[in-house]
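Per the numbering used here, the sequence shown starts with residue 36, numbered consecutively. Just so it is clear, CB atoms sit at the ideal spot from N, CA and C, and this is done for glycine as well.
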Amino acid sequence: MTTAGSFLTEEMRQQAIGQKSAPRTIDVEKGAIIKFAAAIEDDNPVFSDEMAARESRYGGLIAPPTFLRSVGVDRPAFPYDMPFNRMLDGGSDWEYFHPVRAGDRITAISEIADVNERTGRMGLMIITTIVVTYHNQFNQVAATQTSTSIRY
């Protein structure tokens, strides 16, 4: 049951938690890694110099950690309409487990991990935590991104 000035019920929270997006898959190309590194002005040779990268501990080109943002994963849908039309990015935390390499096929799926409400200076806010998991073609988790969004 909602309280005065409240939107979210415990039942609604439980309906939302665990909702997943459709998978999004990209094939990682060597040229895309090199262009991405140049675009972010990261001159680390493991991102752009194939010879230097082969001599590194990685044995070849790897993508910069922020490269996974280019996957463009969808947000999972809420099982109910949200009455808020404004949204803020509350930040992200990343964990990296395996390097992303040229030739990898990366699949990303986002999942609602938590949803809560708070009242702030601007009124009622819905705080959502979404975890995006990035798997490679060997089903290894390359990275996870935990992000927070604030609807008001």
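Counting along the chain, Met160 sits inside no alpha helix (DSSP H); it lies in the beta strand (DSSP E) bounded by residues Gly158 to His170. The beta carbons of Thr60 and Thr142 sit about 4 Å from each other, so the pair counts as a contact at 8 Å. For Met117, there is no enclosing alpha helix (DSSP H), since its DSSP letter is neither H nor E. Going by C-alpha positions, Pro100 is about 15 Å away from Glu64.
As summarised for the segment 48 to 96, the continuous beta strand (DSSP E) elements at least 3 residues long and confined to that stretch are 59 to 62, given in chain order. Per DSSP, reduced to three states, the secondary structure at Val106 is helical.
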